[in-house]
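First up is the structure itself, then whatever we jot down about it.
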Amino acid sequence: MAIQVISKNYSILRLFNKVKFGRFNSTRNFATFNFIDDKKTAEETVYFKKQEEAILARMLEKDPSLDPRYSAPSHELELYNDLALALSKFGLTDPPLALMEEVVLVFKNNGYSKK
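Residue numbers (the working numbering): 12 to 126.
Structural data, given as structure tokens:
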């Protein structure tokens, strides 16, 4: 009887030793792969975002009229040009599009029309 108890305890001790040395602890190794994959996808996203920004910058260098910040509707282009010229005299060389739209709206609401 005592031999059976010792042999059972010995098998339990062997099991604890296996766990201690990591034979059954494989879930910890798999968790690190998720972090590596997430890191790789984040790096790829940053890389492609930089590439897209470089391509867009080259496109805007070749044709500045593609820039949505400085483009105006064609039917109000003359008024935009006149206002941009007037603002450049006071130091606003590249006025933002939102400012230009607001000023044009004020002029239009007050009955201004270029003839």
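Yeah, the Cβ is synthetic: ideal placement off N, Cα and C, and Gly gets one too.
The structure presented is a predicted model; accordingly, all values stated were derived computationally and were not measured.
- Between L98 and P106, the C-beta gap is smaller than 8 Å, which places the two residues in contact.
- Assignment of S76 by DSSP, reduced to helix, strand and coil, places it in the helix class.
- In this structure V115 touches L90 by the C-beta definition: roughly 6 Å separates them, less than 8 Å.
- Here the alpha carbons of L110 and K60 stand approximately 29 Å from one another.
- Distance check between T104 and each of L94, E112, E113 places L94 closest, using alpha-carbon atoms only.
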